[in-house]
Amino acid sequence: MAPGARAAEMVDTALVLAVDVSSSVDMGRYRLQMDGIARAFEDREVQQTITGGPHGALAVALVEWSNKPQLALRWTLITDAADAMAFAARVRALPRAGGQFTCLSQALQFIEAKVLPFLPVPAVRTVVDVSGDGHDNCNPEVPVDAARDMLVAGGVTINGLPILEGDEAETLAPWYRDHVIGGAFPFLVPAYGFDDFRRAMRRKFLLETSGVGTGARTAQAGAFP
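The sequence shown: position 140 = 168 (my numbering), numbered continuously.
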């Protein structure tokens with residue numbers, strides 16, 4: 029676990045942020061995603077929902093994925109506003125790794141094998157948040173649905189933040205709904221382009237950490253600013 033956070037016996041949510049860094053995500057788009065994540069952790073209302081649960085803590089890790097998934101930020105415990113602000117600063121400082129293809133199945137398998145087993149504390153709920161702007165285009169041996177189902181079988185919920193920009197904008201949200209999200213009460217929060225990522229990330233985070241999204245499959249527009 030990353031240093032700088034007090035110990036906790038259990039967290040309310042263990043959250044893996046899985047961020048698309050394939051070739052369609054240039055440096056400007058990458059920075060928009062990182063800024064959106066950082067601003068969510070800097071948001072006072074988000075911080076209050078993290079600390080307001082029964083255990084008052086969140087464990088978070090960040091995976092960057094393309095055809096080469098990697099753990100960009102290892103498990104970090106968030107127990108107060110200072111922890112959240114420190115995590116936001118680390119997100120902003122990340123260098124872009126990047127890759128060529130959109131290999132989501134590979135990313136989900138990586139999370140199952142290389143990230144979740146190293147969660148340092150028990151969690152009431154484990155969530156993987158997938159954000160990206162395209163369908164899996166790697167012709168994987170393990171289809172995305174199967175990789176999703178393996179995580180779901182282990183008790184994981186997968187939520188989606190499809191970025192609706194470019195050639196696949198019209199089909200991406202339905203594809204995420206049918207092939208990506210799964211588990212207990214999964215939902216989508218679409219971003220209407222990379223410039224909208226910040227709003228969507230904050231909204232999704234509030235839904236997850238406050239429990240408002242329980243039972244929803246697609247978050248309705250206007251629930252949060």
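Idealized CB from N, CA, C, for every residue including glycine. No experiment lies behind these values; they were computed from the predicted model shown.
If you follow the alpha helix (DSSP H) that residue i is in, where does it begin and where does it stop?
i           : result
residue 78  : 72–79
residue 89  : That residue, residue 89, is in no alpha helix (DSSP H); its beta strand (DSSP E) goes 86–93.
residue 172 : 172–181
residue 231 : 225–238
residue 98  : That residue, residue 98, is in no alpha helix (DSSP H); its beta strand (DSSP E) goes 98–106.
residue 199 : 197–207
residue 132 : 132–138
residue 141 : No alpha helix (DSSP H) contains residue 141, which DSSP labels as neither H nor E.
residue 119 : 109–120
Does the beta-carbon distance from residue i to residue j come in below 8 Å?
i           : j           : result
residue 276 : residue 216 : The structure shown does not extend to residue 276, since the chain spans only 29 to 253, so no value can be given for it.
residue 157 : residue 191 : no
residue 94  : residue 44  : no
residue 107 : residue 79  : yes
residue 193 : residue 163 : no
residue 66  : residue 143 : no
residue 208 : residue 41  : no
residue 214 : residue 186 : yes
Taking the straight line between their C-alpha atoms, what separation do you get for residue i and residue j?
i           : j           : result
residue 125 : residue 132 : 16 Å
residue 104 : residue 46  : 15 Å
residue 146 : residue 73  : 29 Å
residue 200 : residue 172 : 14 Å
residue 36  : residue 110 : 16 Å
residue 260 : residue 174 : Limits of the chain in this structure are 29 at one end and 253 at the other, which puts residue 260 out of reach.
residue 180 : residue 135 : 15 Å
residue 100 : residue 138 : 13 Å
residue 8   : residue 70  : Here the chain has residues from 29 to 253 only, and residue 8 is not among them.
residue 1   : residue 202 : Here the chain covers residues 29 to 253 and nothing more, so residue 1 does not appear.
residue 141 : residue 116 : 26 Å
residue 235 : residue 123 : 29 Å
residue 59  : residue 159 : 14 Å
residue 220 : residue 39  : 32 Å
residue 198 : residue 102 : 34 Å
residue 64  : residue 57  : 11 Å
residue 24  : residue 182 : For residue 24 there is no data in the structure shown, the boundaries of the chain being 29 and 253.
residue 227 : residue 178 : 30 Å
residue 231 : residue 75  : 13 Å
residue 237 : residue 121 : 25 Å
residue 55  : residue 176 : 28 Å
Our contact map puts residue i next to residue j with C-beta atoms below 8 Å; I'd like the distance itself, whole angstroms only.
i           : j           : result
residue 262 : residue 97  : The requested residue 262 is not part of the displayed model; the chain covers only 29 to 253.
residue 68  : residue 229 : 5 Å
residue 225 : residue 61  : 6 Å
residue 129 : residue 165 : 6 Å
residue 211 : residue 184 : 6 Å
Span of the beta strand (DSSP E) holding residue i?
i          : result
residue 45 : 39–48
Three Cβ pairs or more, each shorter than 8 Å: is that satisfied between the stretch 138–151 and the stretch 81–88?
Under the Cβ criterion (8 Å, minimum of three pairs), the stretch 138–151 counts as touching the stretch 81–88.
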